[in-house]
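All residue numbers for the sequence shown refer to the UniProt record's numbering, where the first residue is 1 and numbers rise by one. Built from N, CA and C at the ideal position, the CB exists for glycine as well. Please read these numbers as outputs of a predicted model, since none were measured by experiment.
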Amino acid sequence: MSMMRVGCYDFIKAIGLGSFSTVYQAVNLVTNSKVAIKAILKTQDSESMFLSEIEILSQLDHPFISPIFDVIQDEQNYYIVMELSDNMSLLECINDSKRLTEETARKYFIQIVSALEYMHINRKVIHRDLKAENILIDSSHCIRLIDFGLSKHFSFDNERLKTLCGSVDYASPEILRSEEYTTQSDVWSLGVVLYAMVHGSMPFSGVNVPEMISHIINNEPKYSPQLSSTLLDLLKRILTKDPNERITISDIKKHPWLFQKRIKVEEEFMFLNSAELKIVTDELDPAIEKELQGLNLDLHNLLAKIKKNEFDEVTAAYKILKKQKINEIINQQMPKFERLVASPTRPPTGGIKSGLPVLDNKLLPASPRPVSQMRRRLCKRDFCSLNFGIENMPQIANDNTSSAKTFLKSPKIRRRLIHPNSNSNSNNLFGTFSPL
């Protein structure tokens with residue numbers, strides 16, 4: 001039984017809570033496919049965050065980046081419809097396994113590198129909040145990079161950013177020193193993720209946030225003696241304090257650790273950027289087009305609407321079916337690149353995932369609880385802006401996109417009817433929740 005219906009989506013259950021949103025599992029009634037829907041309460045502050053996130057997401061088309069299928073709004077909320085990955089996050093995977101083997105970590109690491117390189121090189125986007133809980137793992141052991149609420153466009157003429165944002169544990173020294181930063185800051189966060197995968201703990205800690213910041217800026221991590229020499233070299237080159245001396249994403253792809261027992265790494269990167277793994281292409285997929293015609297949907301100007309990032313029930317249905325086809329292609333092709341044969345898979349559980357301990361990493365007023373340096377259990381971080389300034393949230397880049405007011409009023413984001421389930425107690429489901 002659904003909680004409520006918005007447009008062509010039946011909301012099933014809440015599966016995640018964020019600082020400014022709630023994520024729900026839902027069903028697209030056109031394709032009968034499960035999706036995730038991020039509901040964002042309309043406030044003066046959330047509008048710019050919402051517009052920034054969808055502006056970024058609508059330009060990203062990579063198999064390991066969670067795609068945006070649809071965007072809806074009503075009087076009280078914005079809704080972003082995305083792919084549902086119902087297995088586990090990388091954070092949960094690490095905590096369940098205590099730590100990952102180098103082979104397993106290498107598998108996930110290559111996928112993250114592929115997604116980051118695409119963002120940095122092809123789309124000129126910095127993620128700015130890369131962390132283990134923002135990396136999902138599907139049932140085929142492929143990752144999905146999520147949560148682009150802090151992401152930002154840059155230009156190669158002016159690639160330096162200044163806004164203090166992200167999660168303290170994953171923030172680069174240059175951000176914590178209030179210096180200008182580039183995509184090399186994402187590379188640092190990537191190193192923290194890799195360290196966490198193979199150690200089962202974070203590289204830096206402290207009894208409070210100021211001490212943690214001091215350790216990140218001044219101290220070197222402790223490394224397990226069990227690491228291979230090539231992995232140790234890669235971690236040290238990524239977790240280099242000086243961003244100018246830090247290894248780049250392009251050089252990471254060439255590092256010897258990635259090629260151990262994986263002679264086809266270069267072919268894998270090429271495959272992951274191939275046209276057959278793109279949702280938006282120059283022509284509609286004939287098989288999906290035929291399937292949509294069988295559903296008696298109006299396909300007039302469908303390709304043009306998809307390319308213009310316009311959203312409606314038909315474009316959403318096409319994108320959902322195309323992503324399912326892409327996933328099938330990946331499942332068929334990835335074994336050629338030594339796909340994992342044994343990775344943890346968690347059976348689905350009901351309700352909101354809240355089993356992990358929460359560490360509040362806001363600078364004020366709370367500070368983290370004391371933790372040990374090397375064996376601290378990884379904890380889920382809620383979003384926080386390092387300087388607590390909502391005015392520093394990322395804005396839409398100055399390009400050819402429409403302004404916020406024009407964009408909200410355009411056909412790209414439609415208002416759709418809400419149909420609460422009369423048999424449930426969900427009539428005020430979205431009207432009463434507030435940012436956590």
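Residue(s) in a DSSP beta bridge with residue 488: Residue 488 lies beyond the stretch modelled for the chain, which goes from 1 to 436, so this question has no answer here.
Closest by CA to residue 437, which one among Ile15, Ser189 and Ser185? The requested residue 437 is not part of the displayed model; the chain covers only 1 to 436.
Residue nearest to Ser66 in terms of C-alpha spacing, selected from Val35, Ile72, Tyr79 and Ser48: Proximity to Ser66 across Val35, Ile72, Tyr79 and Ser48 peaks at Val35, based on C-alpha coordinates.
Could you tell me whether the Cβ atoms of Ser189 and Ile137 are closer together than 8 Å? Their beta carbons are not under 8 Å apart, which means Ser189 does not touch Ile137 by this criterion.
Could you pull out every residue in the same chain whose Cβ sits closer than 6 Å to the Cβ of Lys38, ignoring the five residues on either side in sequence? For Lys38, where only same-chain residues beyond five positions count, the Cβ hits under 6 Å are Ser21, Val23 and Ile80.
Based on Cα-Cα distance, which residue from Ser229, Tyr223 and Ser140 lies nearest to Lys107? It is Ser140.
Comparing alpha-carbon positions, which option in Leu100, Phe269, Arg128 and Asp233 lies nearest Val256? The sequence shown places Pro at residue 256, not Val. Of the listed residues, the one whose Cα sits closest to Pro256 is Asp233.
Does the distance from the CB of Phe154 to the CB of Ile126 come in under 8 Å? The criterion of a C-beta distance shorter than 8 Å is satisfied by Phe154 and Ile126.
Bounding residues of the alpha helix (DSSP H) (the contiguous stretch that carries Gly191): Start and end: Gln184 to His199.
Minimum C-alpha distance to Ser151 - residue among Leu116, Lys241, Pro225 and Glu179: Per the Cα distances, Leu116.
For Phe271, does the three-state DSSP call read helix, strand or coil? In this structure, Phe271 counts as helix in the three-state DSSP scheme.
Between Val314 and Leu302, is the Cβ-Cβ spacing less than 8 Å? Yes, these two residues count as a Cβ contact at 8 Å.
Start and end residues, beta strand (DSSP E) containing Val81: For Val81, the enclosing beta strand (DSSP E) covers residues Asn77 to Glu83.
Could you pull the DSSP bridge partners for Ala36 from this structure? Paired residue(s): Gln25 and Met82.
Alpha carbon to alpha carbon, how far is Gly191 from Ser114? The straight-line gap from Cα to Cα measures roughly 14 Å.
How is Thr401 classed by DSSP in three states: helix, strand or coil? Confidence at Thr401 is low in this model, with a pLDDT of 31, below 50, so the placement of that residue is unreliable and no value is reported for it.
Do three or more CB pairs link the segment 289 to 301 to the segment 267 to 278 at distances below 8 Å? They do not touch, by the three-pair rule.
Using a threshold of 8 Å, state whether the C-beta atoms of Glu276 and Ile329 are closer than that. A contact, by the Cβ cut-off of 8 Å.
With a threshold of 8 Å, are at least 3 pairs of Cβ atoms found where one atom belongs to the segment 69 to 84 and the other to the segment 38 to 53? With contact defined as three or more Cβ pairs closer than 8 Å, the segment 69 to 84 and the segment 38 to 53 are in contact.
Pair within 8 Å by beta-carbon distance, Pro243 and Gln184: Contact flag set, yes.
Spatial neighbours of Asp169 within its chain, please: C-beta separation below 6 Å, excluding the five flanking residues on both sides. The residues Met202, in chain order, have a CB closer than 6 Å to that of Asp169 in the same chain once the five nearest residues on each side in sequence are set aside.
Going straight from the alpha carbon of Met119 to that of Ser167, what length do you get? Taken atom to atom, the span from the alpha-carbon of Met119 to that of Ser167 is near 20 Å.
Cα-Cα separation, Asn273 to Ser250: Answer to the nearest angstrom: the Cα atoms are 15 Å apart.
Can you tell me whether DSSP reads Phe64 as helix, strand or coil? In the structure shown, Phe64 falls within a coil segment according to DSSP collapsed to helix, strand and coil.
If you draw a straight line from the alpha carbon of Asp70 to that of Ile110, how long is it in whole angstroms? Between the C-alpha atoms of Asp70 and Ile110 there is a straight-line separation of about 29 Å.
Roughly how many angstroms lie between the CA atoms of Ala316 and Leu57, to the nearest whole one? Computed Cα separation, rounded: 14 Å.
Applying the 10 Å Cβ sphere with the 16-neighbour rule, what's the burial state of Val30? Its Cβ being crowded by 16 or more others within 10 Å, Val30 is buried.
Answer yes or no: do Asp10 and Ala26 have a C-beta to C-beta separation smaller than 8 Å? The answer is yes: Cβ separation under 8 Å.
Buried or exposed, going by whether 16 or more other CB atoms sit within 10 Å of the CB of Pro286? Answer is exposed; the Cβ neighbour count stays below 16.
Exposure label - Cys8; buried when at least 16 CB within 10 Å: Here Cys8 is buried, its C-beta having at least 16 other C-beta atoms within 10 Å.
What does a CB cutoff of less than 7 Å around His62 pick up in its chain, not counting 5 residues either side in sequence? Excluding five sequence positions before and after His62, the CB atoms of its chain that fall closer than 7 Å to its own CB belong to Ala115 and Tyr118, given in chain order.
Within a Cβ cutoff of 7 Å, which residues of the same chain sit near Phe50, ignoring the five residues on either side of it in sequence? Only residues of its own chain outside the window of five on either side were considered, and among them Ile40 and Tyr78 have a CB closer than 7 Å to the CB of Phe50, listed in chain order.
Can you tell me which residues form a DSSP beta bridge with Asp70? According to the DSSP secondary-structure assignment, Asp70 is paired through a beta bridge with Val81.
Between the C-alpha atoms of Gly389 and Glu47, what's the straight-line distance to the nearest angstrom? For Gly389, the pLDDT reaches just 27, beneath the cut-off of 50, and the residue's location in the model is therefore unreliable, leaving the point undetermined.
Mind checking Asp282: buried by the 16 CB within 10 Å criterion, or exposed? So Asp282 ends up on the exposed side.
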